[in-house]
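Numbering (the working numbering), first residue to last: 816 to 897. C-beta: ideal position from N, C-alpha, C; glycine also. Just so it is clear, the structure is predicted and the values come from calculations on it, not from any experiment. Please read the structure below before turning to the comments.
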């Protein structure tokens, strides 16, 4: 997954195959392929000026050759712990 500014992202094809999923605050938008179920990209709640893109879905990109970073997803929750 990588992040790019909204103005640098253009979906070239396949929009008819996408399904949107929203949870928790329903602000973020997560897009999945209706055919295979892969997580393609999202527009995050915490950074609405960015798109998170699954680099494995990009033609010509060898995702296994990229350096991997970590994100603390729990820190982004808007639901308080019990």
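Secondary structure of residue i, DSSP reduced to three states
i	result
residue 821	helix
residue 826	coil
residue 892	coil
residue 879	helix
Beta-carbon gap between residue i and residue j smaller than 7 Å
i	j	result
residue 818	residue 843	no
residue 832	residue 849	yes
residue 872	residue 855	yes
Rounded C-alpha distance that separates residue i from residue j
i	j	result
residue 824	residue 866	7 Å
residue 847	residue 877	20 Å
residue 870	residue 892	24 Å
residue 885	residue 879	15 Å
Runs of beta strand (DSSP E) wholly within the stretch 833 to 872 (minimum 3 residues, chain order): For the stretch 833 to 872, the full-length beta strand (DSSP E) segments reaching 3 residues or more read 833 to 836, 844 to 848, 854 to 858 and 865 to 868 along the chain.
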